[in-house]
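**Student:** So the sequence shown is residues 0 to 66, counted in numbering that gives the first Met the number 0. A single structure is presented below for examination.
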Amino acid sequence: MSIIISEIYNSIDNTSKDQELDRLFIEYDNLYREALILKEDPESVEYQRNKQQRESNLDKQLKLARG
């Protein structure tokens with residue numbers, strides 16, 4: 000599959016490659032920003048998972064501190 004993609008990519012002229020790379024970077028940036036928002040959204044699964052992990056880590060630290 001990657002060979003086919005590579006062949007197609009190599010057949011595109013440099014201007015088109017630059018435009019496509021710009022488009023892909025913009026798309027990546029938008030997705031990254033969206034992921035950050037979701038990560039901080041209190042209703043998102045990722046946020047809840049991180050919250051549980053932080054609470055678990057705090058519990059472990061408290062147990063260790065109490066001896």
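Glycine included, C-beta positions come from ideal geometry on N, C-alpha and C. Fair warning: this is a prediction, and the values are worked out from it, not measured in the lab.
Quick check: the Cα distance between Gln52 and Tyr27, rounded to an integer number of angstroms?
**Tutor:** Looking at the two C-alpha atoms, the distance is approximately 27 angstroms.
**Student:** For a test of the three-state rule: what should DSSP assign to Arg43, helix, strand or coil?
**Tutor:** Strictly speaking, residue 43 in this sequence is Ser, with Arg absent from that position. Here Ser43 sits in coil by DSSP.
**Student:** Measure the C-alpha to C-alpha separation of Leu30 and Arg48 and round it to an integer number of angstroms.
**Tutor:** When rounded, the distance between both Cα atoms is 20 angstroms.
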